[in-house]
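Below: the structure, in structure tokens.
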């Protein structure tokens with residue numbers, strides 16, 4: 002615990018609290034679980050200069066709570082020092098569930114449906130086809146083949162990503178969802194790590210959950226979540242399948258580059274263990290007929306970006 006962190010906790014009634022560090026995420030943020038009597042809270046410590054990320058977290062959290070969803074309540078903030086005291090939603094992540102797994106996953110699908118049904122009132126960056134193409138550069142080598150691949154992506158994305166954009170939390174996976182069975186309805190799904198939220202094509206977060214970089218999601222759960230999402234939003238199944246393939250390709254291609262950079266630049270080699278699964282997601286997505294032209298171009302690069 003640093004001096005500024007301890008002073009922040011002392012100022013907000015957490016002097017002498019038991020503190021236990023939690024596993025971090027892919028960012029530079031650190032999390033500490035606090036216990037004091039029956040009280041529980043989470044201390045989030047971010048880079049002091051990251052005001053944009055700090056403000057984004059608070060804005061998205063407020064919007065999620067206004068929609069009746071379970072984002073952590075912000076209890077106290079020191080923006081200049083990058084410190085935030087948050088409600089502790091517990092540690093029953095979706096990745097730990099056994100008996101409630103299907104029900105919790107369908108509840109998560111309902112949360113994503115609810116977000117898609119409330120696209121107004123958000124001040125978020127837009128994931129346009131051009132932006133999504135540029136986001137993949139991190140995974141690709143320099144050269145003529147990459148230029149051709151980016152051009153093929155631009156054509157595919159502009160053709161497939163035609164639906165109105167919806168709110169997407171952008172990093173929806175089992176470890177960022179907390180199961181809260183004591184709450185009701187949509188509030189049973191606790192939401193974490195949403196400060197990078199965007200407006201994205203429908204299904205972005207669903208694809209993120211189903212094609213998880215860290216673990217395999219059973220096919221029956223993926224199918225049930227997709228059917229629920231399609232039915233509630235009235236989306237065309239064939240178009241959604243093509244769009245989902247493109248989303249999975251784009252997202253997982255970017256993850257290949259991000260995870261390699263985390264291992265190389267931030268000393269987090271554990272992320273390299275996920276690369277075979279992520280590469281498989283990219284390969285599987287390219288099998289969709291709507292991505293046939295992109296598949297032909299990417300064939301020249303797949304071995305070069307393989308683990």
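Residue numbers (our numbering): 2 to 308. Where is the CB? At the ideal position from N, CA and C, for every residue including glycine.
Considering residue i, what are the terminal residues of the beta strand (DSSP E) in which it resides?
i: residue 46; result: 40 to 46
i: residue 224; result: Not the beta strand (DSSP E): residue 224 falls in the alpha helix (DSSP H), residues 220 to 234.
i: residue 295; result: Segment 293 to 299 is the alpha helix (DSSP H) holding residue 295; no beta strand (DSSP E) there.
i: residue 270; result: Per DSSP, residue 270 belongs to no beta strand (DSSP E) and is neither H nor E.
i: residue 23; result: 19 to 23
i: residue 200; result: 199 to 201
With a CB to CB cut of under 6 Å and the five nearest residues on each side skipped, what residues in its chain are close to residue i?
i: residue 291; result: 243
i: residue 162; result: 130, 202
i: residue 176; result: 94, 96
i: residue 301; result: 146
i: residue 9; result: 79, 84
i: residue 22; result: 33
i: residue 128; result: 199, 201
Which residues in the same chain have their Cβ closer than 7 Å to the Cβ of residue i, if we skip the five residues on either side of it in sequence?
i: residue 75; result: 59, 62, 85, 87
i: residue 64; result: 122, 123
i: residue 36; result: 18, 19
i: residue 197; result: 171, 172
i: residue 164; result: 202, 203
i: residue 113; result: 206, 207, 230
i: residue 270; result: 264
i: residue 137; result: 154, 251, 254, 255
i: residue 295; result: 153, 154, 157, 287
i: residue 80; result: 52, 55
i: residue 159; result: 130
i: residue 57; result: 196
Would you mind giving the Cβ-Cβ distance between residue i and residue j, rounded to the nearest angstrom? I have them listed as a contact below 8 Å.
i: residue 111; j: residue 42; result: Contact flag wrong, Cβ pair sits at about 28 Å.
i: residue 238; j: residue 276; result: Contact doesn't hold; Cβ gap of about 31 Å is too wide.
i: residue 107; j: residue 185; result: Rounded, the Cβ-Cβ distance is 15 Å, inconsistent with contact.
i: residue 188; j: residue 70; result: 7 Å
i: residue 151; j: residue 134; result: 6 Å
i: residue 126; j: residue 199; result: 5 Å
i: residue 117; j: residue 234; result: 6 Å
i: residue 77; j: residue 178; result: Actually they do not touch by this definition, with Cβ atoms about 25 Å apart.
For the candidate residues the options, whose alpha-carbon lies nearest to that of residue i?
i: residue 210; options: 169, 83, 200; result: 169
i: residue 251; options: 281, 190, 235; result: 281
i: residue 49; options: 29, 106, 273; result: 29
i: residue 183; options: 23, 91, 226; result: 91
i: residue 284; options: 299, 171, 272, 191; result: 299
i: residue 256; options: 217, 296, 230, 306; result: 306
i: residue 99; options: 222, 24, 117, 165; result: 222
i: residue 73; options: 181, 286, 217, 127; result: 181
i: residue 82; options: 39, 220, 4; result: 4
i: residue 46; options: 102, 140, 54; result: 54
i: residue 14; options: 33, 21, 40; result: 40
i: residue 115; options: 68, 103, 126; result: 68
i: residue 139; options: 258, 304, 293, 2; result: 258
i: residue 218; options: 241, 103, 120, 44; result: 103
Locate the alpha helix (DSSP H) running through residue i, then write down its first and last residues.
i: residue 238; result: 238 to 266
i: residue 277; result: 276 to 286
i: residue 8; result: 4 to 12
i: residue 206; result: 205 to 211
Within a Cβ cutoff of 8 Å, which residues of the same chain sit near residue i, ignoring the five residues on either side of it in sequence?
i: residue 208; result: 245, 248, 249, 252
i: residue 215; result: 96, 174, 175, 176, 275, 278
i: residue 273; result: 260, 261, 264, 308
i: residue 101; result: 180, 182
Using a Cβ-Cβ distance under 8 Å, would residue i count as near chain C?
i: residue 32; result: Protein chain content of the structure displayed is limited to a single chain, and chain C is not contained in it.
*Note down, one range per segment and in chain order, each alpha helix (DSSP H) of at least 4 residues found wholly within the segment 36 to 101.*
52 to 67
*In chain order, which continuous runs of the alpha helix (DSSP H) of length 4 or greater are located wholly inside the segment 126 to 194?*
130 to 136, 145 to 161
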